[in-house]
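As they're listed, the protein sequences go chains A, B and C.
Going from the first sequence to the working numbering is simple: count from 1 and add 72.
Going from the second sequence to the working numbering is simple: count from 1 and add 229.
Going from the third sequence to the working numbering is simple: count from 1 and add 5.
Ideal Cβ placement from N, Cα and C applies to all residues, glycine included.
Structure, as structure tokens:
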Amino acid sequence: MKRIFAWVSAITLAAVLLAPAASHAQLLQQPIKIVFPFAAGGGGDALARLLAEELRTALNRNVVVENKTGAGGQAGTLEVVNSAPNGDTLLLTPIAPVVLHQNIYKNLRYDPIKDLKPVALISDFEFAIAVGPAVPAKTLEELIAWMKANPTKASYGTPGAGALPHFFGVLFSKAVGVDMVHIGYRGSALALVDLISGQIPIVVTTTTDLLQNHKEGKIRILATSDSKRSPLVPEVPTFQERGYKIVGTAWYGVFAPAKTPDEVVNRYSKILSDAVKTEAMKEKLLKLGLYARGSTPEELGKLQKEHADLWKPAIEASGFKPEN
Amino acid sequence: MDSDNSKRLGMIGNPRDFLGGLGFLLLALFVLWATRDLPGQRGFQLGAGSVPRLFAMLLALNAVIVMALSVFGRGPSLDYALKPTIAVAALIAIGLATNHFAGPELAVVALIAASFAALRTLTALNIRGQVFIALAVLAFAAFIKSLGLFITVFALVAVSSAATKEYRPVESLIWALGLAVFSVLMFTLLLNQPISAIPPALLGR
Amino acid sequence: MTEIFANLIFGLSIAITPTNIALCLIGALAGTLVGVLPGIGPLATIAMLLPVTFGLPPVGALIMLAGVFYGAMYGGSTTAILVNIPGEAASVVTTLDGFQMAQQGRAGPALAIAAIGSFFAGCVATVLIALLAGPLTQFAFFFGQAEYFALMTLGLVLAIVLANGPVSKSTLMVLAGIVLSMVSADVDTGQSRMTFGKFELSDGFGFIIVAMGVFGVAEIIKNLLKPSARELIAEKVTNLMPTRRDLADAAPAIARGTILGSLLGILPGGGAILSSFASYTLEKKLSKTPERFGKGAIEGVAGPESANNAASQTSFIPLLTLGIPANAVMALMIGAMTLHGITPGPQVATKQPDLFWGLIASMWVGNLMLLVINLPLIGIWVRLLRVPYRLLYPMILMFCCIGVYSLNTSTFEIMLALAFGLFGYWLYKHDFEAAPLLLGFILGPMMEESLRKAMSLARGDVLEILMRPLTGTLLALAAILLVAAILPTVRKQRETVFVE
């Protein structure tokens, strides 16, 4: 009996000694919470933790990252929509929950335009199409010729059904007029293994995920999705250059509950935008495959609406339909 | 709850397996019903419903096999008695009613009060362990968002301690206090988890 | 050959500078402590510690994170052995015999053999990575979606065979696990399956939730029904370290587990999970006394623990040679590496040899550190079991609840864990084993996914799938194992019927 209490006090003491960095503020002060609506691990999560660090130093307040997963980001987004609009809760999200979901889920429980207030665009990135050893093509034209000659083999892998690369693949499939079969993997990595080993001919995913193996010649990136060439692979043309009118980029943005006061939003927007524009941060983000951006709240709001209109037709054509 | 006085379920040799198999048969049938609207195979692509239905059917088949074998097998009997069921039903009714009128926190408080008041009955019915463990977890779920980690862990430990017949009230309260302090130090301070230590309403900004 | 060893020594010289040793120690210690907490696994730990490493030099940061990884893996096994709660998929099998050993007062030897097995497996796998990373990568390329489907099917059959009850009931458990895993949004079309409008269910029941319920909560309820049983353990603790006999029993299991784990670990997505129970089944099949399994056989701890450590080590191979992470933890390691300016891939070895060999050597140092930390800790863990159960179980319950809550800050998920706890208690009342259920639960979705991808890729040509040599072989093996498991019970059943 006594021994147990001795142990507990020992552990407690150890915890107290181990927590010198933690001040009483951590116990008594409301922390700022950045909700990231996907699981821990991966680029977006790392981004959330980088931003938390920036806010912590700029505001001198404790900042915690909360991973709230579920329903492709709906659960976390909804939590932010429903939380107090006092600037203590922020959402760092990729494009899907705030741009795509209103066109995917009929019964979406929030309106991404009305229920959220844009804060700042953090970073963006583009996609690319790549072929593995199963296809001899060296250019986009050769790939299209191959697909037309082998329509039963024209399957493409993506990091997941219902994500942007999937819908971008649908746009591409319609543009070239070949019925490509979509294979959704759990993440780029698993799709890449099948691509390199020739189990699947084509993969559409972010340029960064393809870069390494492209450089080593195991796969070939044939085109990138932005309107400009990718700084990562400047020698590769864009789809637009090759005459296909398909453009697509994805991004990470920070949002707040709709009623958050403007002065708070503007302050956060400035802190975050300034932070991502520093050279050190730019470099860190580039390593995660993200181009640092930063923006005013208005610019992010505009982008959100434009992209919602842009993807609507692709989503409808994809057959990705969670609710009947 | 198992007793060796061979009370048999009719002519079934192993009622434990029989009822177990029956439970899974019902689960399988429920799954078949719940997935009835999901599309099956379309052309060469399997649909959202194909694999769940396939395995639900296999599960049903296997459950029937287990039930059939149990008829010939030998095993301890097992009774689902009426009295504990009524006691649990009464607790659930109290919980649901107070939840409806007073919200989850008070509902759990009411349940805790009722269970401690009925401690003897619960012990006699042999469901003390189940009830207090379930209650402790419910208390955690009901308290954590609004009351913070400290109070929640205190409640969880204090309530769950009553689950055993060796319950020592004073000791359990000291222990609850110790673990509450420990969990705040560990999870809020050291691991910086997004769990507030004190009721979030009291936090300053 | 000599060059490789020269490289390894070069790497070691980097890994054992005082700073790096200290970082490795901190990482392994933090990993062990957090890994022991049910519900908080290596993934969450590394994610939490990632920002801490920003200020460190890259090699040091990676060494520390590798330490966290191994520490958390091993910490998970500790929980499985001491309180019968598997913190992650790989330690489900460890609960089978590890917890039995603990109940017999042999928690010390169980923990020690797990640490020793892991260390041995870690050493072998480190050398394998240094020597054969390139050729071993090719092994992963033989596995397409059809082969994964076959491998997962084989895995499910292994899950049936490794169970200790009658085959009819263990198959029932595996099937029930698969059916439960089907609650989720469909991976291809996003349609919700059996989620009943609850979007908390759209990603399915989380593994941690099911494990905390069926193992954690149910185990407590179960123990409270037989009060005095748990108190006896403390009296019976015989020795802390394994005896000579234990070591002799465990040694071949460790060797076989290491080989199995090293190979399966290379396969991305699921290989490492399979390795632990493939090893358990293998040991049970090879054993002259298979009836000891499930009742505290030391081989049943040694084999799977070695396999799962070897596998977690060789899962670095696709990362180092192709820059492809084999699982979520590896994906996080890539994130960590890229943040420190290293793009994983074969060019790392030539361009930044200090990093590449430093990292490989650090894996070995990490494993050594684990042994150094954990052997003395065994005494403390075993003493934890001497805590009267009336104090121990509220603490376990507390860690389970906080563990589940910290995953997703969802109270609904705590209620779910409770529901699974009551379900687990019902399973116990009806004498069903929970481990095969959990294994079915883990493998079911993987099998469905690869089956559907294989069907799409082959455009529905089932024959094409079955005619692939590796697929055919694996499926045939699964069929043979299943029949071999069923036949004796059928015969026995007939005999009992005749006797009556």
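Where the alpha helix (DSSP H) containing residue i begins and where it ends
i: Pro441 (chain C); result: 439 to 462
i: Pro63 (chain C); result: 63 to 88
i: Leu28 (chain C); result: 23 to 41
i: Leu420 (chain B); result: From DSSP, Leu420 (chain B) is part of no alpha helix (DSSP H); its letter is neither H nor E.
i: Leu282 (chain A); result: 279 to 287
Own chain, CB closer than 6 Å to residue i, minus 5 neighbours either side, in chain order
i: Ala155 (chain C); result: Thr476, Leu479, Leu480
i: Leu487 (chain C); result: Val162
i: Gly160 (chain C); result: Leu279, Leu448
i: Leu265 (chain C); result: Ser280, Ala283, Ser284, Ala312
C-beta atoms of residue i and residue j nearer than 9 Å
i: Val64 (chain C); j: Asn12 (chain C); result: no
i: Val308 (chain A); j: Thr296 (chain A); result: yes
i: Gly122 (chain C); j: Asn314 (chain C); result: yes
i: Pro399 (chain C); j: Leu378 (chain B); result: no
i: Gly3 (chain C); j: Leu136 (chain C); result: Nothing in the structure corresponds to residue 3 (chain C), since chain C is present only between 6 and 505.
i: Ala151 (chain C); j: Met338 (chain C); result: no
i: Met178 (chain C); j: Val366 (chain B); result: no
i: Leu327 (chain C); j: Lys290 (chain A); result: yes
i: Val388 (chain B); j: Ile341 (chain B); result: yes
i: Asp196 (chain A); j: Leu304 (chain A); result: no
i: Val207 (chain A); j: Leu372 (chain A); result: no
i: Ile9 (chain C); j: Thr142 (chain C); result: no
i: Ile86 (chain C); j: Thr100 (chain C); result: yes
Continuous beta strand (DSSP E) stretch holding residue i: start and end
i: Lys186 (chain A); result: Looking at the DSSP string, Lys186 (chain A) is not in any beta strand (DSSP E), and its letter there is neither H nor E.
i: His435 (chain C); result: Taken as a continuous stretch (DSSP letters only), His435 (chain C) belongs to no beta strand (DSSP E), as it is neither H nor E.
i: Glu138 (chain A); result: 135 to 139
i: Phe220 (chain C); result: Per DSSP, Phe220 (chain C) belongs to no beta strand (DSSP E) and is neither H nor E.
i: Ala312 (chain C); result: Taken as a continuous stretch (DSSP letters only), Ala312 (chain C) belongs to no beta strand (DSSP E), being part of the alpha helix (DSSP H) at 304 to 319.
i: Val382 (chain B); result: Premise fails: Val382 (chain B) lies in the alpha helix (DSSP H), 357 to 390, not in any beta strand (DSSP E).
i: Tyr228 (chain A); result: 227 to 230
Proximity test, Cβ basis, 9 Å: residue i and chain B
i: Pro493 (chain C); result: no
i: Pro103 (chain A); result: yes
i: Thr194 (chain C); result: yes
i: Ala138 (chain A); result: Before going on, a small fix: residue 138 (chain A) reads as Glu here, not Ala. It does: the Cβ of Glu138 (chain A) has a partner Cβ on chain B nearer than 9 Å.
i: Ala94 (chain A); result: Since pLDDT at Ala94 (chain A) reaches only 49, below the 50 mark, its modelled position is unreliable, and no value is offered.
i: Met451 (chain C); result: no
i: Leu237 (chain C); result: Low local confidence applies: a pLDDT of 47 at Leu237 (chain C) is under 50, so the model's placement there is unreliable, and no value is given.
i: Trp369 (chain C); result: no
Chain A contact for residue i (CB, 9 Å cutoff)
i: Gly408 (chain C); result: no
i: Ile427 (chain B); result: yes
i: Phe212 (chain C); result: no
i: Phe276 (chain B); result: Contrary to the premise, residue 276 (chain B) reads as Gly rather than Phe in this sequence. Not closer than 9 Å to any Cβ of chain A, the Cβ of Gly276 (chain B) fails to qualify, so no.
i: Asp251 (chain C); result: no
i: Ile329 (chain C); result: yes
i: Asn413 (chain C); result: yes
i: Phe10 (chain C); result: no
Spatial neighbours of residue i in its chain, beta-carbon cut-off 7 Å, leaving aside the 5 residues before and after
i: Ile167 (chain A); result: Leu236, Ala322, Trp323, His379
i: Val97 (chain C); result: Pro91, Ala440, Leu443, Leu444
Same chain, Cβ closer than 8 Å to residue i, five either side skipped, listed in chain order
i: Leu150 (chain A); result: Arg181, Tyr182
i: Ile68 (chain C); result: Ala20, Asn25, Leu28, Cys29, Gly32, Gly363, Leu364, Ser367, Val370, Gly371
i: Glu418 (chain C); result: Glu205, Gly211, Ile214, Val409, Tyr410, Leu412
Cutoff 9 Å: residue i Cβ touching any chain C Cβ
i: Asp160 (chain A); result: no
i: Tyr257 (chain A); result: yes
i: Ile268 (chain A); result: yes
i: Ser389 (chain B); result: yes
i: Ser195 (chain A); result: no
i: Ser227 (chain A); result: yes
Three or more beta-carbon pairs under 8 Å between the segment 424 to 444 of chain C and the segment 173 to 180 of chain C, yes or no? Judged by Cβ distances under 8 Å, the segment 424 to 444 of chain C makes contact with the segment 173 to 180 of chain C, as three or more pairs qualify.
Does the segment 170 to 177 of chain A come close enough to the segment 133 to 146 of chain A to have 3 or more Cβ pairs within less than 8 Å? Put simply, the segment 170 to 177 of chain A touches the segment 133 to 146 of chain A. At least three CB pairs are less than 8 Å apart.
Hey, is the segment 311 to 323 of chain B in contact with the segment 211 to 226 of chain C, meaning 3+ C-beta pairs nearer than 8 Å? No, the segment 311 to 323 of chain B does not touch the segment 211 to 226 of chain C.
Below 8 Å, can you find three or more Cβ-Cβ pairs linking the segment 417 to 431 of chain B to the segment 258 to 266 of chain C? Contact between the segment 417 to 431 of chain B and the segment 258 to 266 of chain C is absent, because fewer than three Cβ pairs lie under 8 Å.
Touch test, the segment 243 to 263 of chain A against the segment 215 to 231 of chain A, Cβ-Cβ under 8 Å, three pairs minimum: Pairwise C-beta distances place the segment 243 to 263 of chain A in contact with the segment 215 to 231 of chain A, as three or more of them are shorter than 8 Å.
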